[in-house]
Amino acid sequence: MHVGHYISGAGHILLLGWAFIGGAFESEPLPMEVAEVTLMTGEEYAALVAPDPSPEAAPGVAQPEAPAPETATPEAPAAETPPERPAPPEAARDPAPDATPVPPAPPTPAPEVAEPDPAPELSPPSEAATLLPEETPRPAPRPADRVAPTPAPPAPPQAESAPDATPQAAPAPDAPPAPQEPPAAPEEAAPEIVTEAEEAPSGAPRASLRPPARPAPRPEPAPEPEPETETAEAAPEPPAEPAESDATRAAVDELLAEATRGGGGETPDAPPLSRGEREALRVAVERCWVVDVGSRAADVTVTVGMEMNPDGTVVDGSLRLISAEGGSGRAVETAYQAARRAVLRCGRDGFDLPEEKYARWETIEMVFDPSRMR
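Numbering (the working numbering), first residue to last: 3 to 376.
Okay, here's the thing in structure tokens:
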């Protein structure tokens, strides 16, 4: 019933509160940066930007004059003279010294200066008498084997050979005398040239002899012919070989035929399988045979027997394990299953076997040897 009073009182309280404390939540405005600018025309800007003119030379300052070239004759450089050594007073009184005095060099004439630019022309100095060192001619090199009228004794082991003479300049008068080295022993000399023919023979041979070649192998003597009587007795023996080979071949064919028909007692009338037909059957089965080289079954050799239909397919349920070698238990079972899968997989459409020889391949035994696959 007093809802209107409550609303009115609340509104007045909010209005009064806003009037008192509303300004406390207002933030001060940020100061604005203001830059002063001046308006100018294009001519004023061009005059302001134009470079400053170069300062003119002051009219009151006089240009310095170039100095005039000196015409005075340049003094000639003093001739270099060796430093004088103080001589004893007795030597000064002696009018005729032993040493030949070197005449002083004449003064160099002054150069004629025509213009300041070109270089002065100097007259060539006069020739002065100078002492040149006497050079001794270089002797020809001595050969190793010399010929002398008197043979020189052999040099001691510690003596050194005399070095070849080389041209040297005469020592200066002021230089101290060089120490003299002891003379070396002269090289050995002989009164005549010793040729190779005159040398004393030595015990060692000059050239080693070539070892003798191996003797050629002697041909073995031909066997003596046997007497005619022995040849006549041995002649009937060769015809026995064909008979023996025929018997062996017949035995092998009989064994193969017995293995093909499963060991039956009676021999069928059909001809046996040729080697090419047996090889084709082996290759066909081997193409589908997978051997796990890393397993124990790879060391097991199994013999599998089967019954065949006339169309070359395997009779269902006729596959059986006949024997196994090289393992036992799980390894034998694994090897047998691998051989069984190979026969069934490749014989699905029938093996290519001759129908006229069905009596021979009606029962087949196959040996699966993994060692031949490695």
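No residue lacks a Cβ here, since even glycine has one placed at the ideal position from N, Cα and C. Remember, it's a predicted structure, so these values are computed and weren't measured experimentally.
Reduced DSSP category for F22 - H, G, I as helix; E, B as strand; rest coil: helix
What first and last residue would you give for the alpha helix (DSSP H) that runs through E288? Taken as a continuous stretch (DSSP letters only), the alpha helix (DSSP H) holding E288 covers R277 to E288.
Name the DSSP bridge partner or partners of V369? Its beta-bridge partners are T305.
Looking at the unbroken beta strand (DSSP E) that takes in L323, where does it start and where does it end? Start and end: R322 to E327.
Kindly indicate which residue of W291, L50 and G44 has the alpha-carbon position closest to the one of R347. W291
In terms of residue numbering, what span does the alpha helix (DSSP H) encompassing A344 cover? R332 to C348
Using the DSSP secondary-structure output, state which residues sit across from M42 in a beta bridge. M42 pairs with nothing; no bridge assigned.
Whole angstroms is fine: what's the gap from P372's alpha carbon to P356's? 28 Å
Which residues bound the alpha helix (DSSP H) around R362? Y360 to W363
How about G314 and F353: are their beta carbons less than 8 Å apart? yes
Under 8 Å by Cβ, that's how I've got V293 and A340 pegged, so tell me the actual separation to the nearest angstrom. The pair is a contact, with the Cβ atoms about 7 Å apart (cut-off 8 Å).
In terms of alpha-carbon separation, which member of A300, D301, L321 and G296 lies closest to M308? L321
Going straight from the alpha carbon of R289 to that of V304, what length do you get? 17 Å
Can you tell me whether W20 is buried or exposed? The criterion is at least 16 other CB atoms within 10 Å of its CB, across all chains shown. exposed
Who pairs with V292 in a beta bridge, going by DSSP? DSSP lists no partner for V292.
Helix, strand or coil at V316 according to DSSP, with G and I counted as helix: strand
When the Cα atoms are used, what is the spatial distance from G44 to P33? Between G44 and P33, the C-alpha separation is close to 34 Å.
Name the residue from L50, F22, P274 and A52 whose alpha carbon lies nearest to the alpha carbon of K359. P274
Beta-carbon separation (whole angstroms), G329 vs R298, contact threshold 8 Å: Yes, G329 and R298 are in contact; Cβ-Cβ is about 6 Å, under 8 Å.
Comparing alpha-carbon positions, which option in G296, A326 and L41 lies nearest E367? A326
Can the beta-carbon of V316 be found closer than 8 Å to that of V285? no
Going straight from the alpha carbon of I23 to that of V36, what length do you get? 33 Å
In angstroms, rounded to a whole number, what distance separates the CA positions of A49 and E30? 45 Å
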